[in-house]
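Heads up: the sequence shown begins at 1 in the working numbering, then just goes up one per residue. Okay, structure first, notes after.
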Amino acid sequence: MNHIIKTLVFKDIQLNRLPLFIYLLLGLSSLVMLSSETPILFYAGVTILLSAIIITGAQMVITTVTNERTDQVMPFIMSLPISFRQYTHAKVCANLGVFLVFWLLMLGGLMVVIFGQPQVPDGLAVYAVILLLEMLAVFCLVLAVGLISESHAWTIVVISLTNVALSIFMFWTASFEGIQQHMQTDAVVWNQTAVTFVITEVLMIVACLILTYVIQGRKKDFV
C-alpha cells in the first residue's frame, strides 16, 4: 500500500471518528440491553444493535464515497498520481476495515450475551451469525454501488431497499425448519441449511468486492 493510499485511508477514518465512536457506544449499550431479562429491553436492544450496524455502514459509504463526488473532492483526489484501482483499494480498505472492526465487536458481544445469559437460548447463535453475515454482505453491496455509480441518490436507494429486505430476510430465514427448530434450544446446530446460508453470504461478499475492483479498474476518467 503506497503513501497516497494510506493517506486516503487514514483521512476517511479520521473524518468519521466522532460519529463512529457514538455508534460504538450505541452498539455497546444495545448489548447491555440484550443482557436484560425484561423482554421489552431485549427486543429494544436487538433493534438498536441492528440499527447501529446499518447506520455505521451508511455513514462510511456516504461520507467517504458519494459525498466526495457531490462535494467535488473526487476531482482533486484523482488529480493525484493514483489510478481508479488504487482509489478503489483505498476506499475498500477504509470502509470495509472500519465496518469489519465494528461488525466483529458487535458479533463478539452478541455471542457473549447469547452464551453468557441463561435466559437467552444458545441455539440463537447460529441465527445471529447468519443475520450479521447478511448485514456484512449488504454493506459490501452498498459500498459497491456507491463506488461504481458514484451516485448519492442510487446509494441511498440501495440502502433503503436493503433495510426493508433485511426485515424480510429475518422472517424468511427463521421460517426454515433447519433454523427454526433449534433457535429456542440450547443446542448450537450447524446443519446443512445453516451452512448453506453462510456459504451463500460469503460468496455474495466476495462477488461484490471482485465486481467492484473489475469495474473500477476499467474506468478511464472521473467525469
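For each residue, glycine too, the CB sits at the ideal point set by N, CA and C.
Inter-residue spacing [alpha-carbon to alpha-carbon] between LEU211 and ILE62: Indexing the sequence shown from 1 puts residue 211 at position 211. Indexing the sequence shown from 1 puts residue 62 at position 62. Looking at the two C-alpha atoms, the distance is approximately 20 Å.
Range covered by the alpha helix (DSSP H) that runs through PRO39: In the sequence shown, counting from the first residue as 1, residue 39 sits at position 39. 39-61 is the extent of the alpha helix (DSSP H) around PRO39.
Beta-carbon proximity list for ILE159, same chain, < 7 Å, skipping 5 on both sides: Here residue 159 refers to the residue found at position 159 when the sequence shown is read from its first residue. The residues are ALA58, VAL142.
The alpha helix (DSSP H) enclosing ARG167, as first and last residue numbers: Within the sequence shown, the letter at position 167 stands for residue 167. Contrary to the premise, residue 167 reads as Ser rather than Arg in this sequence. SER167 -> alpha helix (DSSP H) spans 152-174.
Residue burial classification, TRP103 (beta-carbon count within 10 angstroms, cutoff 16): Taking the sequence shown and counting its residues from 1, the one referred to as residue 103 is at position 103. TRP103 should be labelled buried.
The segment 30-46 in contact with the segment 106-119 per 3-pair CB rule at 8 Å: yes
Simplified DSSP assignment, three categories, for ALA144: As a first step, residue 144 must be located in the sequence shown, where it is residue number 144. Helix, per DSSP.
Helix, strand or coil at THR185 according to DSSP, with G and I counted as helix: Within the sequence shown, residue 185 is the residue found at index 185, counting from 1. If DSSP states are grouped into helix, strand and coil, THR185 belongs with coil.
DSSP state of GLY178 mapped onto helix, strand, coil: Here residue 178 refers to the residue found at position 178 of the sequence shown. GLY178 falls in the helix class under three-state DSSP.
Assigned secondary structure, ASN191 (DSSP; H/G/I helix, E/B strand, else coil): To locate residue 191, count along the sequence shown from 1; it is residue 191. Coil.
Buried versus exposed call for GLN216 [16 or more other C-beta atoms within 10 Å across all chains shown]: By one-based count along the sequence shown, residue 216 stands at place 216. Answer is buried; the Cβ neighbour count reaches 16.
ILE40, buried or exposed, once every other Cβ within 10 Å from all chains shown has been counted against 16: Translated into positions along the sequence shown, residue 40 becomes position 40. Exposed, since its Cβ has fewer than 16 Cβ neighbours within 10 Å.
Reduced DSSP secondary structure (H/G/I, E/B, other) of LYS91: Sequence index remark: in the sequence shown, residue 91 carries index 91 (1-based). Correct three-state label for LYS91: helix.
Stretch-stretch touch, CB-based, cutoff 8 Å, three pairs: the segment 162-182 with the segment 87-103: no
Helix, strand or coil at ASP12 [DSSP, three-state]: Locating residue 12 in the sequence shown gives position 12, counting from the first residue. ASP12 falls in the helix class under three-state DSSP.
Whole-Å CB distance - THR193 paired with GLY178, under 8 Å assumed: Position 193 of the sequence shown, counting from 1, holds the residue named residue 193. Position 178 of the sequence shown, counting from 1, holds the residue named residue 178. Indeed, because the Cβ distance is near 3 Å, the residues count as touching under 8 Å.
C-beta contact flag for LEU18 and ALA52 at 7 Å: Start at 1 with the first residue of the sequence shown, and residue 18 comes out as number 18. Start at 1 with the first residue of the sequence shown, and residue 52 comes out as number 52. Not closer than 7 Å, so no.
Simplified DSSP state of PRO19, which is helix, strand or coil: Here the question's residue 19 lines up with position 19 in the sequence shown. Helix at PRO19.
Helix, strand or coil at ARG69 according to DSSP, with G and I counted as helix: Here the question's residue 69 lines up with position 69 in the sequence shown. Three-state result, ARG69: helix.
Length of the line joining the Cα atoms of GLN180 and ARG218: Stepping through the sequence shown from its first residue, residue 180 is reached at position 180. Stepping through the sequence shown from its first residue, residue 218 is reached at position 218. Those two C-alpha atoms are separated by around 45 Å.
Exposed unless 16 or more other CB atoms sit within 10 angstroms - verdict on HIS182: Taking the first residue of the sequence shown as 1, we reach residue 182 at position 182. That one is buried.
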